[in-house]
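S.K.: Okay, so the sequence shown: first residue is 37 according to my numbering, each after it adds one.
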Amino acid sequence: MRAKIQFLSTSFLLIFLGLLFSAYPRISAAATVPDVVGQTELDAKAAITAQCDPASAGPPAVAAGCLKVNVTYAFNPNVAAGTVISQDPQADAVVPAASTTVNIVVSNRLTVPNVVGQLQQAASLTIANTCVPNSTQCLKVGTVTEAASSTVPKGTVISQDPTAGFQTPAGSAVNIVVSSGPALLAVPDVVGKTQLDAEALIKSTCVTGTTQCLRVGTVTQATSETVAAGSVISQDPPSGFQAAINTAVNLVVSSGKAPVTVPNVVGQALASAQTALEGAGFKLGTISQA
37 MRAKIQFLST SFLLIFLGLL FSAYPRISAA ATVPDVVGQT ELDAKAAITA QCDPASAGPP
97 AVAAGCLKVN VTYAFNPNVA AGTVISQDPQ ADAVVPAAST TVNIVVSNRL TVPNVVGQLQ
157 QAASLTIANT CVPNSTQCLK VGTVTEAASS TVPKGTVISQ DPTAGFQTPA GSAVNIVVSS
217 GPALLAVPDV VGKTQLDAEA LIKSTCVTGT TQCLRVGTVT QATSETVAAG SVISQDPPSG
277 FQAAINTAVN LVVSSGKAPV TVPNVVGQAL ASAQTALEGA GFKLGTISQA
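Here it is in structure tokens:
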């Protein structure tokens, strides 16, 4: 009789405990953290989130609990972009599956592309599309400045900073210098100046800080009734013209007044001689008799 009572007591206790535990959520089963260092971000995420506490039909029903993953990025010169540098918790750690987040650090090391010689739009796209694989971690276009160039076509990249091949973190800016085409120089006004001064002014008309200048072209002589000998009568191109580097500025320089042939009035009557001389542009001077 005593044994029967003890059996019944034990049975009631087990039933009570079963009902008690069924009233509370199941404690999450443990999961082993996988080793993802050296894997790609995509593979690491898949490996971590695959570690789960299977679902239970209950009672009560319990949804499957899996490890979660949190990604941060850091520069590492020795690890390729998109590859896991480190993880926490470490590999093989046994943790509650449903309540554990595995933090991974992924390399955001990117190599600056070569965009010199590309059109500005293409260069900008090349830079912006240089990204850590399967992420939005990319390079960005920095400052765009223009500079004149006699060798690089307008709209084409002359130089970049950083240079191609440089290792830099995602998010870094790549600055580019774009050609505005050949530099144009305003032709100076040299009319009325002496030939020496005019040539010096032309030769000193340069792109600032360079030896890219205008040059003196053909110099011809012409008589002038108004411009002193040795001074510039005219120039081509004219003053203010926007000329390309190394454009020749041609000059016409005064040789003075045109020479006039003195008419021969020997043997002529005074009146006739006076008329001939004045007709040739001369004034009659002192008249003496012999």
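From the three backbone atoms N, C-alpha and C, an ideal C-beta is built for every residue, glycine too.
Considering just the uninterrupted stretch of the beta strand (DSSP E) at residue 140, what are its terminal residues?
M.R.: Per DSSP, residue 140 belongs to the beta strand (DSSP E) from 137-143.
S.K.: Compute the Euclidean distance between the alpha carbons of residue 58 and residue 105, then round it to the nearest angstrom.
M.R.: A caution first: residue 58 carries a pLDDT of 45, below 50, which makes its placement in the model too unreliable to give a value.
S.K.: Determine the DSSP secondary structure at residue 56, reduced to helix, strand or coil.
M.R.: Legend: pLDDT at residue 56 = 41, less than 50; position of this residue unreliable, value from coordinates given subsequently. The answer is helix: DSSP assigns residue 56 an H, G or I state.
S.K.: Could you give the distance in angstroms between the alpha-carbon of residue 301 and the alpha-carbon of residue 295?
M.R.: When rounded, the distance between both Cα atoms is 18 angstroms.
S.K.: Could you give the distance in angstroms between the alpha-carbon of residue 69 and the alpha-carbon of residue 125?
M.R.: Approximately 7 angstroms between the Cα atoms of the pair.
S.K.: May I have the straight-line CA-CA distance separating residue 288 from residue 269, to the nearest angstrom?
M.R.: Between residue 288 and residue 269, the C-alpha separation is close to 5 angstroms.
S.K.: Beta-carbon within less than 7 angstroms of residue 313's beta-carbon, same chain only, minus the 5 sequence neighbours each way: which residues are those?
M.R.: Here the set comprises 299, 301 and 320.
S.K.: For a minimum of 4 consecutive residues, which ranges assigned as the alpha helix (DSSP H) are wholly contained in the segment 151-210?
M.R.: Within the segment 151-210, the complete alpha helix (DSSP H) runs of at least 4 residues are 156-164.
S.K.: So, helix, strand or coil for residue 78, using DSSP?
M.R.: Here residue 78 sits in helix by DSSP.
S.K.: In this structure, does DSSP put residue 68 in helix, strand or coil?
M.R.: Of the three classes helix, strand and coil, the one that applies to residue 68 here is strand, per DSSP.
S.K.: Give every residue of the same chain whose Cβ lies closer than 6 angstroms to the Cβ of residue 168, excluding the five residues on either side of it in the sequence, and list them in chain order.
M.R.: Around residue 168: 117, 118, 144 and 206.
S.K.: How long is the line joining the alpha carbons of residue 183 and residue 170, rounded to whole angstroms?
M.R.: Cα-Cα distance, rounded: 36 angstroms.
S.K.: Around the Cβ of residue 89, are there at least 16 other Cβ atoms within 10 angstroms (buried) or fewer (exposed)?
M.R.: By the 10 Å Cβ count, residue 89 comes out buried.
S.K.: Please state the DSSP three-state secondary structure of residue 1.
M.R.: For the chain, the structure presents residues 37 to 326; residue 1 sits outside this window and is missing.
S.K.: Nearest to residue 82 by alpha carbon, out of 162, 103, 234 and 215?
M.R.: Closest option to residue 82, Cα to Cα, is 103.
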